[in-house]
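Student:
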Amino acid sequence: LCGVMYKDEL
Amino acid sequence: MNIFRLLGDVSHLLAIIILLLKIWKTRSCAGISGKSQLLFALTYTTRYLDLVTNFVSVYNTFMKVVFLAASYATIWLIYMKFRATYDQNHDTFRIEFLLLPVTILSLVANHEFTLIEILWTWSIYLEAVAILPQLFMVSKTGEAESITSHYLFALGSYRGLYILNWIYRYYMESYYDLIAIFAGILQTVLYCDFFYLYITKVLRGQRLQLPA
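Chains as they are written, first to last, in this note's numbering: chain Z, 365 to 374; chain Y, 459 to 670.
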């Protein structure tokens, strides 16, 4: 997985 | 969530709290770069726009709100409440030299050419270099108070721990984000010189003083 995805990191 | 990510977030939170407490308790922001803090506020603001567009978890929302609030509180302390103690003459790093390349890079190297994605990318690149005005200030004055050193150590450790988190996620979840990884490595590398001084001096009870 790489690229635009929903971001769960801060 | 893995242990590296959690430790990274704790370290980040600790850094922000140390800085706020230092300024509040000493009633002074001497030795602190207002420019770096402005860049961090810009970082959080542009990165956490998704706070209103999608929900990840209570933890995620809570931390984002805390980082935003603490960042603006810090700005307020430096530029309003304790403005008289702000060391403006030593905070002379030209931030346009950071903002220009960061803006160009985020327009060129992003995952998708949409406003929210470009702003997220911009925040990632900006965060990587946002500490430079602070490190420049320390090198200019040749020293840093212990508490400022602790702040810098905690703030530098956070992205270093995130790198371990990304390595873990790459193997365990097949997840990786090249933009975050590239910027995170750069960010951590910028602290290396400081880490060396912190470990060899501050942890041995000496002041962080740079060789003349």
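Think of the CB as a built atom: it goes at the ideal place given N, C-alpha and C, for glycine as much as any other residue. Just so it is clear, the structure is predicted and the values come from calculations on it, not from any experiment.
(1) Listed from N- to C-terminal order along the chain, which residues in the region 511-533 of chain Y have their beta-carbon within a distance smaller than 9 angstroms of any beta-carbon of chain Z?
(2) Which residue marks the beginning of the alpha helix (DSSP H) containing Ile476(Y), and which one marks its end?
(3) Use the C-beta contact count for Ala528(Y): other C-beta atoms within 10 angstroms, 16 or more gives buried, fewer gives exposed.
(4) Whose Cβ in chain Z lies nearer than 8 angstroms to the Cβ of Trp578(Y)?
(5) Quick one: is Val660(Y) buried, meaning 16 or more other Cβ sit within 10 Å of its Cβ, or exposed?
(6) Using C-beta distances below 8 angstroms, list every residue in its chain close to Phe540(Y), excluding the 5 sequence neighbours before and after it, in chain order.
(7) Please confirm whether any heavy atom of the ligand NAD lies closer than 6 angstroms to the CB of Gly642(Y).
(8) Report the three-state DSSP secondary structure of Leu668(Y) (helix, strand or coil).
(9) Tell me which same chain residues have a C-beta within less than 6 angstroms of the C-beta of Leu563(Y), skipping the five on either side of it?
(10) Can you tell me whether Ser494(Y) is buried or exposed? The criterion is at least 16 other CB atoms within 10 Å of its CB, across all chains shown.
(11) Would you give the residue range spanned by the alpha helix (DSSP H) that Gly618(Y) belongs to?
(12) By the criterion of Cβ-Cβ separation under 8 angstroms, what are the contact partners of Asp545(Y) in chain Z?
(13) Taking Cβ positions, are Thr579(Y) and His548(Y) nearer each other than 7 angstroms?
(14) So the candidates are Ile621(Y), Asp651(Y), Tyr629(Y), Tyr633(Y); which of them puts its Cα closest to the Cα of Ile643(Y)?
(15) Would you mind giving the Cβ-Cβ distance between Trp624(Y) and Tyr634(Y), rounded to the nearest angstrom? I have them listed as a contact below 8 angstroms.
(16) Taking Phe525(Y) as the reference, which of Ala473(Y), Ile490(Y), Thr543(Y) has the closest Cα?
(17) Considering only residues of the same chain and omitting the five flanking positions on each side of Tyr656(Y), which have a CB-CB separation below 6 angstroms?
(18) Return the CA-CA distance between Pro669(Y) and His569(Y), expressed in angstroms with no decimal places.
(19) Rounded to whole angstroms, how far is the Cβ of Ile589(Y) from the Cβ of Leu648(Y), which I believe are closer than 8 angstroms?
(20) My output table needs one value for Glu601(Y): the three-state DSSP class, helix, strand or coil.
Tutor: If we stick to the structure as given:
(1) Those would be Asn512, Val514, Ser515, Asn518, Met521, Lys522, Phe525, in chain order.
(2) Taking the second sequence and counting its residues from 1, the one referred to as residue 476(Y) is at position 18. 461-484 is the span of the alpha helix (DSSP H), which, as asked, contains Ile476(Y).
(3) By 1-based counting over the second sequence, the position of residue 528(Y) is 70. When all chains shown are included, Ala528(Y) counts as buried.
(4) What you label residue 578(Y) is simply residue 120 of the second sequence in a count that begins at 1. Chain order gives the chain Z residues near Trp578(Y) as Lys371, where near means a beta carbon separation below 8 angstroms.
(5) Along the second sequence, one-based indexing puts residue 660(Y) at 202. Buried: at least 16 other Cβ atoms inside 10 Å.
(6) Locating residue 540(Y) in the second sequence gives position 82, where the first residue counts as 1. Scanning its chain for C-beta atoms nearer than 8 angstroms, with the 5 sequence neighbours on each side dropped, one finds around Phe540(Y) the residues Ile481, Arg485, Ser486, Cys487, in chain order.
(7) Ligands in the displayed structure: none, and consequently the ligand NAD is not present.
(8) Counting from one through the second sequence, the residue named residue 668(Y) turns up at place 210. The three-state reading of DSSP puts Leu668(Y) in coil, since its state is none of H, G, I, E or B.
(9) The residue you call residue 563(Y) lines up with position 105 of the second sequence. The beta carbon of Leu563(Y) is closer than 6 angstroms to those of Tyr583 in its chain, skipping five residues each way along the sequence.
(10) Reading the second sequence from its first residue, position 36 is the one you call residue 494(Y). Buried.
(11) In the second sequence, counting from the first residue as 1, residue 618(Y) sits at position 160. Unbroken alpha helix (DSSP H) run through Gly618(Y): 604-631.
(12) As a working mapping, residue 545(Y) is identified with position 87 in the second sequence. Within 8 angstroms Cβ-Cβ: nothing; Asp545(Y) doesn't reach chain Z, min ~29 angstroms.
(13) Residue 579(Y) sits at position 121 when you count from the first residue of the second sequence. Residue 548(Y) sits at position 90 when you count from the first residue of the second sequence. Contact: no.
(14) For the purposes of this step, residue 643(Y) is taken as the residue at position 185 of the second sequence. For the options Ile621(Y), Asp651(Y), Tyr629(Y), Tyr633(Y), the alpha carbon positioned closest to that of Ile643(Y) is the one of Ile621(Y).
(15) Start at 1 with the first residue of the second sequence, and residue 624(Y) comes out as number 166. Start at 1 with the first residue of the second sequence, and residue 634(Y) comes out as number 176. Taking C-beta atoms under 8 angstroms as the contact rule, Trp624(Y) and Tyr634(Y) qualify, at a distance of about 6 angstroms.
(16) Working through the second sequence from its first residue, we reach residue 525(Y) at position 67. By alpha-carbon distance to Phe525(Y), the top candidate from Ala473(Y), Ile490(Y), Thr543(Y) is Ala473(Y).
(17) For the purposes of this step, residue 656(Y) is taken as the residue at position 198 of the second sequence. Ser607, Phe611, listed in sequence order.
(18) Residue numbering aside, residue 669(Y) sits at position 211 when the second sequence is read from its first letter. Residue numbering aside, residue 569(Y) sits at position 111 when the second sequence is read from its first letter. So the two alpha carbons sit approximately 43 angstroms from each other.
(19) By one-based count along the second sequence, residue 589(Y) stands at place 131. By one-based count along the second sequence, residue 648(Y) stands at place 190. So it is a contact: roughly 6 angstroms between Cβ atoms.
(20) Start at 1 with the first residue of the second sequence, and residue 601(Y) comes out as number 143. Residue state, collapsed to three classes: strand.
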